Each structure stands twice: as structure tokens, then as C-alpha cells.
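In full-length UniProt numbering, the protein residues as written are 1 to 349.
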């Protein structure tokens with residue numbers, strides 16, 4: 001892989017860092033944080049702008065630590081990403097990781113100065129501890145159950161962190177915790193799909209995916225139950241008046257979720273698995289944006305969702321370590337979700 005001119009873009013150090021550290025995921029964190037601010041009426045243009053470097057640093061810090069921890073496995077699982085890291089240099093990447101966490105902490109301190117709430121300071125510490133602990137130290141990712149549970153946190157911790165800038169019990173009870181519960185349940189049903197491309201490298205580290213094990217043992221019904229669960233939970237919260245009726249707008253997505261799982265379980269070749277994983281990531285982002293907007297509808301959140309989507313699309317196409325999905329690949333993926341196209345292979349889930 002030629003990292004110097006990938007996609008016609010000179011591979012300067014900032015571009016290498018952004019691409020190798022999956023900077024598109026900063027949109028997850030930024031949107032969630034601003035949704036938490038919106039829940040306590042703290043969403044302003046100033047805070048939204050201040051949150052950009054904060055959550056970009058969080059993303060780079062999280063992903064760079066993950067790259068360093070997965071250095072051995074990624075030689076097999078992600079050689080193209082490893083090439084980017086080697087172009088940066090592992091020692092330099094370590095310094096970048098430290099710098100990113102210092103930027104995140106400093107940004108948090110600046111916001112704390114505006115809103116000196118102990119709960120916010122505590123959430124900053126929790127954010128850092130869990131993000132780093134996922135890859136090193138406790139290394140939650142090496143534990144089958146903990147790995148799956150921790151993978152739901154990117155969808156909910158930033159929102160709780162935003163709420164903590166002006167902690168309010170009423171806002172926590174509605175809509176923050178109900179929305180967080182729906183998003184966490186949604187993630188549980190899909191997050192394990194990321195492991196379908198990493199089996200060989202993970203085996204070297206003695207790790208096996210709980211999600212893949214459930215699928216492999218023919219427990220597909222359990223996976224599909226998790227697929228349906230967030231939509232059922234959302235409906236319950238609406239009935240209890242803990243979430244607005246507008247949040248039900250995402251209910252048709254249950255069909256998409258089922259197809260995403262079906263496509264992942266039917267994927268056989270390396271390319272199919274990579275596409276299935278990418279479909280999952282993009283769908284998860286789109287669902288997150290749509291759900292946050294539906295659950296906390298306002299002009300401000302509409303702008304947040306639109307800007308987050310722009311970042312995701314641009315970063316996925318220009319600033320990601322893997323090529324964007326082509327129409328031809330997406331068309332082939334769509335065929336895998338049709339039972340007749342694989343002679344029943346999708347029945348594994």
C-alpha cells in the first residue's frame with residue numbers, strides 16, 4: 001500500500017493521523033455530547049464549536065491507543081491500517097495519543113470553567129478511563145462480555161457527559177436515560193458485527209467474539225431479539241411519556257437492522273465481510289443521528305445532525321483508512337440479504 005499518495009491526497013502527518021485513527025467516529029461523540037447539552041438547554045453555537053476539538057481529540061486518543069494495543073493482530077486483520085501507523089511511526093503515534101488525551105482533558109477543563117459542575121468533571125474522568133481501559137490496562141476488549149457491553153458506550157457516554165454540564169434530575173429521567181437505554185440496546189444487537197473481519201488476528205490474542213459465537217451456535221433468534229428490543233423499548237418509553245412520540249419515527253428501521261444482521265451472517269468472502277462491517281458502521285451512525293433528532297427535536301439538533309452527517313460522509317470517503325463502499329459492492333451486499341441468493345446461508349442467523 002502506498003500511503004504517500006492514497007486517493008491522490010498527500011499523506012502529511014495530520015492526514016495520516018486522521019485516517020489511521022478513524023476520525024469519522026468523532027461525529028458519534030460530538031453529536032451525542034450536543035444532544036446531552038440540548039437536553040438541559042445548554043446547546044449554544046459557542047459550546048458546539050468548543051466541542052469540536054474536544055471530541056476529535058477523544059476520537060484520536062481512543063483510536064491511537066487501540067492501534068498500539070492491536071499492533072500484533074492488525075498486521076493480519078488490518079494490514080492497510082497498520083501501514084498507515086508504520087508511516088507515522090509507533091513512538092510518534094504514542095506521543096500523539098498522549099497529546100490527544102491532554103487536549104481532551106484541557107478542553108474539558110475549559111468547559112468546566114464555564115459550568116463548574118462536579119458531575120461533569122467526573123464524566124470527563126469516566127470517559128478517559130473507559131476509552132483507554134478498552135484497549136490497555138483492564139483491556140475490556142479482551143473479555144467477551146465486557147467487550148460487547150463497552151462497545152455500546154460511544155453512543156451514550158457523550159450524551160451523559162453533555163447532560164452533566166448542568167445536571168438535572170428531570171432531564172436525566174426524560175429524555176437522557178431512556179434515549180441512552182434505546183441506543184445501548186440498539187448497539188448490542190449490531191456492535192458484534194465489527195468482529196467478522198478480525199477472526200484470524202483476534203485468535204492470536206486468544207480472543208473470540210461473543211456475538212460471532214452466538215451466531216455460530218445457531219442462536220440467531222437471540223440476535224434478532226436484540227435487533228427488535230430497542231424499538232420495543234422506545235415504544236414503552238413513549239407510552240410512559242418518557243420520550244416524545246416523535247421518537248417512534250425510527251421504528252421502520254427495525255427492518256433495516258434485521259437486514260444488516262442478515263447480511264453480516266451471510267458474508268463469506270473477505271470483501272463481503274468488510275462491506276458488511278462498513279454497512280453496520282454507516283447504518284449505526286445514521287440511526288444515531290436520526291434517533292437523537294427524533295428524541296430531542298429542535299432546530300439546533302437538526303443542524304447538529306446535518307453537520308454530523310456531513311463530517312461522517314466526508315471522513316468516510318476521504319479521511320478513512322479503508323476505501324469507501326462502491327455502488328457495486330453495496331449491490332452485491334444487498335443480494336446477500338435475499339434468502340434465495342445464497343441457497344439458505346442466511347439461515348445461520
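C-beta: ideal position from N, C-alpha, C; glycine also. No experiment lies behind these values; they were computed from the predicted model shown.
Close beta carbons around residue i, own chain, < 6 Å, minus the five adjacent residues each side
| i | result |
| --- | --- |
| residue 297 | 246 |
| residue 25 | 59 |
| residue 304 | 31 and 34 |
| residue 230 | 182, 185 and 186 |
| residue 276 | 263, 264 and 267 |
| residue 311 | 27 |
| residue 64 | 21, 93, 96 and 97 |
| residue 280 | 190, 193 and 260 |
| residue 169 | none |
| residue 308 | 27, 31 and 289 |
| residue 154 | 28 |
| residue 69 | 135 and 136 |
| residue 67 | 85 |
| residue 257 | 227 |
| residue 331 | none |
Residue i versus residue j: straight-line alpha-carbon distance, rounded
| i | j | result |
| --- | --- | --- |
| residue 228 | residue 254 | 6 Å |
| residue 87 | residue 20 | 10 Å |
| residue 79 | residue 237 | 44 Å |
| residue 51 | residue 107 | 8 Å |
| residue 72 | residue 82 | 9 Å |
| residue 85 | residue 131 | 19 Å |
| residue 123 | residue 13 | 31 Å |
| residue 53 | residue 338 | 43 Å |
| residue 110 | residue 190 | 35 Å |
| residue 251 | residue 283 | 14 Å |
| residue 56 | residue 223 | 32 Å |
| residue 143 | residue 150 | 10 Å |
| residue 333 | residue 272 | 7 Å |
| residue 156 | residue 325 | 27 Å |
| residue 15 | residue 319 | 7 Å |
| residue 140 | residue 75 | 21 Å |
| residue 126 | residue 329 | 39 Å |
| residue 77 | residue 117 | 42 Å |
| residue 178 | residue 294 | 13 Å |
| residue 119 | residue 148 | 26 Å |
| residue 49 | residue 133 | 28 Å |
| residue 146 | residue 128 | 17 Å |
| residue 105 | residue 18 | 19 Å |
| residue 115 | residue 45 | 16 Å |
| residue 89 | residue 225 | 44 Å |
| residue 138 | residue 321 | 27 Å |
Residue i: first and last residue of the uninterrupted alpha helix (DSSP H) it sits in
| i | result |
| --- | --- |
| residue 112 | 90-114 |
| residue 163 | 157-163 |
| residue 28 | 26-39 |
| residue 277 | 270-295 |
| residue 13 | 13-20 |
| residue 331 | 327-336 |
| residue 259 | 253-266 |
| residue 78 | Taken as a continuous stretch (DSSP letters only), residue 78 belongs to no alpha helix (DSSP H), as it is neither H nor E. |
| residue 316 | 299-318 |
| residue 55 | 45-69 |
| residue 174 | Taken as a continuous stretch (DSSP letters only), residue 174 belongs to no alpha helix (DSSP H), as it is neither H nor E. |
| residue 244 | Per DSSP, residue 244 belongs to no alpha helix (DSSP H) and is neither H nor E. |
| residue 322 | No alpha helix (DSSP H) holds residue 322; DSSP gives it neither H nor E. |
| residue 133 | 118-133 |
| residue 147 | 144-150 |
Contacts around residue i, its chain only, beta-carbon distance under 7 Å, and the 5 residues preceding and following it disregarded
| i | result |
| --- | --- |
| residue 37 | 43, 47, 162 and 165 |
| residue 235 | 248 |
Beta-carbon contacts of residue i that lie in its chain and below 8 Å, excluding the five residues immediately before and after
| i | result |
| --- | --- |
| residue 41 | 166 |
| residue 171 | 39, 40 and 163 |
| residue 160 | 36, 123, 176 and 180 |
| residue 112 | 120, 121 and 124 |
Distance between beta carbons of residue j and residue i, contact taken as under 8 Å
| i | j | result |
| --- | --- | --- |
| residue 188 | residue 152 | 6 Å |
| residue 174 | residue 243 | 7 Å |
| residue 61 | residue 100 | 4 Å |
| residue 313 | residue 301 | That belief does not hold up - the Cβ atoms of residue 313 and residue 301 are roughly 18 Å apart, past 8 Å. |
| residue 23 | residue 315 | 5 Å |
Contact with chain C by residue i, beta-carbon distance below 8 Å
| i | result |
| --- | --- |
| residue 336 | Checking the listed chains, one finds no chain C in this structure; it contains a single protein chain. |
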